[in-house]
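*Asks:*
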Amino acid sequence: MPDGGLSGWRIARIFGITVRIHATWLLIFFLLAYSLAENLLPQSSMVGGGPWWRGAASYDRIVAYQRQPGERLSFQEAAGDLGITVWPTWQYWLLGIIGSIGLFVCVLAHEIAHSLVARGAGIPVEGITLFLFGGVSQLKEDAATPGDEFRIAAVGPLMSLALGVACGALYYGFGGALPPQARAILYYFTFINLALVVFNLLPGFPLDGGRLLRAVLWRRYGDVGRATAVASWWGKAIGTGFVVLGLVEFWWEFTVAHVLSLGPLWLVVIGLFLRHAARASYQQLAVRGAFEGLTAREALQPGVVTVPPDLMLDRVVDEYFYKYKFRSFPVLEEGRLVGVISLKDVQ
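Residue numbers (this note's numbering): 13 to 359.
(1) Assuming T30 contacts L144 (C-beta within less than 8 Å), just tell me the rounded distance between them.
(2) Tell me, to the nearest whole angstrom, how far the beta carbon of A249 is from that of G283; I am working on the premise that it is less than 8 Å.
(3) Can you tell me whether A181 is helix, strand or coil according to DSSP?
(4) For T157, does the three-state DSSP call read helix, strand or coil?
(5) Within 10 angstroms of its Cβ, does G28 collect 16 or more other Cβ (buried), or is it exposed?
(6) For L85, I'd like the list of residues in its chain whose CB is within less than 8 Å of its CB, leaving aside the five on either flank, ordered along the chain.
(7) Is A133 helix, strand or coil by DSSP?
(8) Reducing DSSP to helix, strand and coil, say where T97 ends up.
(9) In whole angstroms, what is the alpha-carbon distance linking P169 and L208?
(10) Could you tell me how far apart the beta carbons of L277 and G258 are, in whole angstroms, since I believe they sit closer than 8 Å?
(11) So, are the CB atoms of G251 and R226 less than 8 Å apart?
(12) Between which two residues does the alpha helix (DSSP H) harbouring F254 extend?
(13) Could you check which residue in Q55, F116 and W21 has the C-alpha nearest to that of F87?
(14) With distances taken Cα to Cα, identify the nearest neighbour of I135 among V148, A125, H122 and E153.
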């Protein structure tokens, strides 16, 4: 996902591009490793390293099993009583850590593809930061043309697709010769890369699909601001859909395995993030566009312009910052000054 202003710890420099990890990446690293080790990989082990959902029913049986009411058994003990083959706990956790690191590598490859194409279009690249929701390529400038925007946005999903197809070819072509542990992690890499393709191609800004939509609309309208407004609306709509889907899924399929997978929670969190990112990205572009090429004389306005306290931020940007070109406005309520809203506040 191009753009962004995150900072973090520098861990590498690849093709002259600085790679950093944000503190929130550690959270997703451990949560993903936990989810793999405690849920997805145990399910996969019950079908010889195949798709984990095929082993979900057996997993639920093991988790719910008790020799007598109130007795707590380890996962391996319960599986042994039920005659279900499982792997040692340490193998689940080792594979979970490998899977989490693998996601890091896949997302990094996705972002490097964005950055290299952006640099080829003459856009300076500050670096790449991996954070809670994936990765972001930090570009110093926006694309100058719809064509550049389209190419920069498209190459990330293409990289993820190539990785997914390669892993899938290994899994389906040579999986029979591999141990089940290797098949399980290879299937996971196939799934996660194809999932990255589908997710990133959703037509909501600032996802890659939203940027592709903006590029198409930009070429059609000849107005990047209008194109961004439409793509951002879709981003907020998709984010709302994720939140609703997560809440419905949580109540509809309330099983132990499903709750431990953290699926419904992630849908809600990702939905909220998309809504915020879509709104913030549009406001940032609108504010930047409002002051681009503006002289001091053009910015002069007679009188004092005030903002009502209950006005939504998107309207503040459109009806005040964009229109009057001021960097801040007093906020009045019934003639009384209650504060000041500035460009920094809306950015």
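Idealized CB from N, CA, C, for every residue including glycine.
*Replies:* The short version:
(1) 19 Å between Cβ atoms; not a contact.
(2) That pair is no contact at about 10 Å.
(3) In the structure shown, A181 sits in a helix (DSSP, three-state: H, G or I).
(4) In the three-state DSSP reduction, T157 falls in the coil class, being neither helix nor strand.
(5) Exposed is the call here.
(6) Annotation for L85: Y77, Q78, R79 and D93 place their beta carbon closer than 8 Å to its own, counting only its chain and skipping 5 residues before and after.
(7) Coil, per DSSP.
(8) DSSP, read as helix, strand or coil, puts T97 in coil.
(9) Whole-angstrom Cα-Cα distance: 7 Å.
(10) The beta carbons of L277 and G258 sit about 7 Å from each other, so the pair counts as a contact at 8 Å.
(11) It is not a contact, given that the beta carbons lie outside the stated cut-off.
(12) Where F254 is concerned, the enclosing alpha helix (DSSP H) stretches over V236 to W264.
(13) Looking at Q55, F116 and W21, the one whose alpha-carbon comes closest to that of F87 is Q55.
(14) Nearest to I135 by alpha-carbon distance, out of V148, A125, H122 and E153, is E153.
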